[in-house]
Amino acid sequence: MKDESKKKKFRKLWPTSKCCMKKALELNNIGKYGSIFVTSSFILIALYNMITLNYFLFSFISFLINLYFLSIVFIKLEMIKFDLLNKYVVFSLRVMIFLFLINSFAYLSHNSDFSKLVLAPMSFIGAYFIFLLLKRDSI
Numbered sequence: 328m329k330d331e332s333k334k335k336k337f338r339k340l341w342p343t344s345k346c347c348m349k350k351a352l353e354l355n356n357i358g359k360y361g362s363i364f365v366t367s368s369f370i371l372i373a374l375y376n377m378i379t380l381n382y383f384l385f386s387f388i389s390f391l392i393n394l395y396f397l398s399i400v401f402i403k404l405e406m407i408k409f410d411l412l413n414k415y416v417v418f419s420l421r422v423m424i425f426l427f428l429i430n431s432f433a434y435l436s437h438n439s440d441f442s443k444l445v446l447a448p449m450s451f452i453g454a455y456f457i458f459l460l461l462k463r464d465s466i
């Protein structure tokens, strides 16, 4: 008994959980920041393709769609308030999951190693992040 109280006194400032990364690695935070990161990355890739004039029209359309998806993510996370789109958030997140999964398979069939090794996994993981975001109960 005396030994336990001494141990508790020694560990008073330590976290109660044994896992030190528990707070940083919660699924809530991973879904939140991961979905923002993946969607922003695809926006930057579309901007780069527009600047270098690679498939300008498709890159422009991709830029607009990803910008819409980023705004949906921000609305779901309640970082911005836009009441007009609130009723379309769940449907848009489901469409995002579907499109990210389709994109991951399309990137796997592409000739470029960058598409196969970077964009395909990023798109697949992005679908998982959006799924985590969809399961949030904020809206």
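Per the working numbering, the sequence shown runs over residues 328 to 466. For glycine and all other residues, C-beta sits at the position ideal for the given N, C-alpha and C.
DSSP state of residue i mapped onto helix, strand, coil
i: Phe425; result: helix
i: Tyr375; result: helix
i: Ser442; result: helix
i: Ile357; result: helix
i: Lys414; result: helix
i: Tyr455; result: helix
i: Met449; result: helix
i: Ile363; result: helix
i: Phe385; result: helix
i: Phe401; result: helix
i: Arg463; result: coil
Inter-residue spacing [alpha-carbon to alpha-carbon] between residue i and residue j
i: Lys463; j: Ser386; result: The sequence shown places Arg at residue 463, rather than the Lys named in the question. Rounded to the nearest angstrom, the two C-alpha atoms are 31 Å apart.
i: Ile457; j: Ser367; result: 13 Å
i: Asn393; j: Asn438; result: 23 Å
i: Asn413; j: Phe427; result: 21 Å
i: Tyr375; j: Pro448; result: 20 Å
Close beta carbons around residue i, own chain, < 8 Å, minus the five adjacent residues each side
i: Val416; result: Ile399, Ile402, Lys403 and Ile466
i: Asp440; result: none
Pick from the options that is closest to residue i, judged by C-alpha positions
i: Tyr455; options: Tyr434, Ser439, Met377 and Met423; result: Met423
i: Ala373; options: Asn413, Leu391 and Leu428; result: Leu391
i: Tyr395; options: Ser419, Ala447, Leu428 and Asn356; result: Ser419
i: Arg421; options: Gly453, Phe432, Ser439 and Ile388; result: Gly453
Close-in-space but distant-in-sequence residues of the same chain around residue i (CB under 6 Å, 5 per side omitted)
i: Asn430; result: Ser450
Sequence-distant residues of the same chain with beta carbon closer than 7 Å to residue i, five excluded per side
i: Ser442; result: Tyr434
i: Met377; result: Phe383, Ser386, Phe387 and Phe390
i: Ile363; result: Val400
i: Lys408; result: none
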